[in-house]
Amino acid sequence: MQREWKLAHGRSLTLGDRALIMGVLNVTPDSFSDGGVHYSLDQALEGAREMIAEGASIIDVGGESTRPGATRVEPEVEQSRILPVIEALVKETDIIISVDTYREETARLAVAAGAHIVNDVWGVQREPAIADLAAETGAGLVIMHTGRERERDPDVIVDQFAFLNRSLEIAKVAGVSRDQIVLDPGFGFAKDTAENIALMDRFSELSAFGYPFLVGTSRKRFLRATSGGEQQEWDVATSASSAILRIAGADIFRVHNVAMSQSALALADAVLKSRRERK
Numbered sequence: 599m600q601r602e603w604k605l606a607h608g609r610s611l612t613l614g615d616r617a618l619i620m621g622v623l624n625v626t627p628d629s630f631s632d633g634g635v636h637y638s639l640d641q642a643l644e645g646a647r648e649m650i651a652e653g654a655s656i657i658d659v660g661g662e663s664t665r666p667g668a669t670r671v672e673p674e675v676e677q678s679r680i681l682p683v684i685e686a687l688v689k690e691t692d693i694i695i696s697v698d699t700y701r702e703e704t705a706r707l708a709v710a711a712g713a714h715i716v717n718d719v720w721g722v723q724r725e726p727a728i729a730d731l732a733a734e735t736g737a738g739l740v741i742m743h744t745g746r747e748r749e750r751d752p753d754v755i756v757d758q759f760a761f762l763n764r765s766l767e768i769a770k771v772a773g774v775s776r777d778q779i780v781l782d783p784g785f786g787f788a789k790d791t792a793e794n795i796a797l798m799d800r801f802s803e804l805s806a807f808g809y810p811f812l813v814g815t816s817r818k819r820f821l822r823a824t825s826g827g828e829q830q831e832w833d834v835a836t837s838a839s840s841a842i843l844r845i846a847g848a849d850i851f852r853v854h855n856v857a858m859s860q861s862a863l864a865l866a867d868a869v870l871k872s873r874r875e876r877k
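Position 138 of the sequence shown, counting from 1, maps to 736 under the working numbering, and the rest follow consecutively.
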């Protein structure tokens, strides 16, 4: 089923028939797999250009690592890292830009600089004013599930509904429209290997929400635990997980290696097309 995802600055993305890729652009020194790779403005722009050439539909710019145990940075530091990148991307390309932040102040400045999407790893529950910002600006809003800093239900799907329904109520009260919202089950965020595998296995149950889904399994610890090896093997496992989740109903895939995931998702899309044509 095709749906239009409404974004800031009058932009939108069509979700449904084709998997979309969100390329990860961490402008940080300490992200778990690519810290320092895109730390300077020139490095960040070169990385974005490469991901766009490989088929990314969205570039997700982040200025603070969200890996377990990462040191939190001050908002001013986060902003000094990401705002010049967003401003430069807006001048150079027409790519859809997402800002990976849970801070309303940072999100507001990023949207003003040209970002179209706010990707909140705390599901608008740490700073609910992010929902107000989305309502005011029309920005696309990614609401992610996390298990951090709270008690969780032992059933991974029950916990998804408990957390995300609370987030959706915050967004509704703020006035965010349904067609601005994409959900993310938060692979790897306070979930162990068995929980992540169970979430993959039961992912199709999340269709009951009635919202599009973004997934981010890229190079996560549970894939490394199951595949072993070096970074190349992690990217292969990422691509396999993306294809599995595409068949199960996910729409957008947040990845580090765009080219490899593009190939895997093209195959998954072909299978889905064949399935539709049989009906």
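We treat Cβ as the ideally placed atom computed from N, Cα and C, and that holds for glycine.
Comparing C-alpha positions only, which one of Val675, Ser837, Gly784 sits nearest to Met858? To locate residue 858, count along the sequence shown from 1; it is residue 260. Of the listed residues, the one whose Cα sits closest to Met858 is Ser837.
Contact check, Ala642 vs Val625, beta carbons under 8 Å: On the sequence shown, residue 642 is found 44 positions in, with the first residue counted as 1. On the sequence shown, residue 625 is found 27 positions in, with the first residue counted as 1. Between Ala642 and Val625, the C-beta spacing is below 8 Å.
Could you round the C-beta distance between Ile850 and Val780 to whole angstroms and report it? I think they count as a contact, below 8 Å.
The residue labelled residue 850 in the question sits at position 252 within the sequence shown. The residue labelled residue 780 in the question sits at position 182 within the sequence shown. About 7 Å; that satisfies the 8 Å criterion.
Would the beta-carbon of Val740 fall within 8 Å of that of Asp718?
In the sequence shown, counting from the first residue as 1, residue 740 sits at position 142. In the sequence shown, counting from the first residue as 1, residue 718 sits at position 120. Result yes, Cβ atoms of Val740 and Asp718 sit closer than 8 Å.
Margin query: DSSP three-state label for Ile741, please.
Written below: Translated into positions along the sequence shown, residue 741 becomes position 143. Three-state DSSP puts Ile741 in a strand.
Exposed unless 16 or more other CB atoms sit within 10 angstroms - verdict on Val865:
What you label residue 865 is simply residue 267 of the sequence shown in a count that begins at 1. Going by the sequence as given, residue 865 is Leu instead of Val. Around the C-beta of Leu865, fewer than 16 other C-beta atoms lie within 10 Å, and the residue is accordingly described as exposed.
(Q) Taking its Cβ as the centre, do 16 or more other Cβ atoms sit within 10 Å of Ala868, making it buried, or is it exposed? (A) Position 270 of the sequence shown, counting from 1, holds the residue named residue 868. Residue burial is scored here from C-beta neighbours: Ala868 has fewer than 16 other C-beta atoms within 10 angstroms and is therefore classed as exposed.
- Item | Residues that DSSP places opposite Gly814 in a beta bridge | Translated into positions along the sequence shown, residue 814 becomes position 216. Gly814 is not bridged to any residue.
Which of helix, strand or coil DSSP assigns to Phe785: Indexing the sequence shown from 1 puts residue 785 at position 187. In the structure shown, the three-state DSSP call for Phe785 is coil.
So which of Gly847, Ala646, Gln758, Ala708 has the shortest CA-CA distance to Lys789?
Looking up residue 789 in the sequence shown gives position 191. Cα-wise, what sits closest to Lys789 is Gln758.
As assigned by DSSP and simplified to three states, the class of Val659: Taking the sequence shown and counting its residues from 1, the one referred to as residue 659 is at position 61. Here DSSP, grouped into helix, strand and coil, assigns Val659 to strand.
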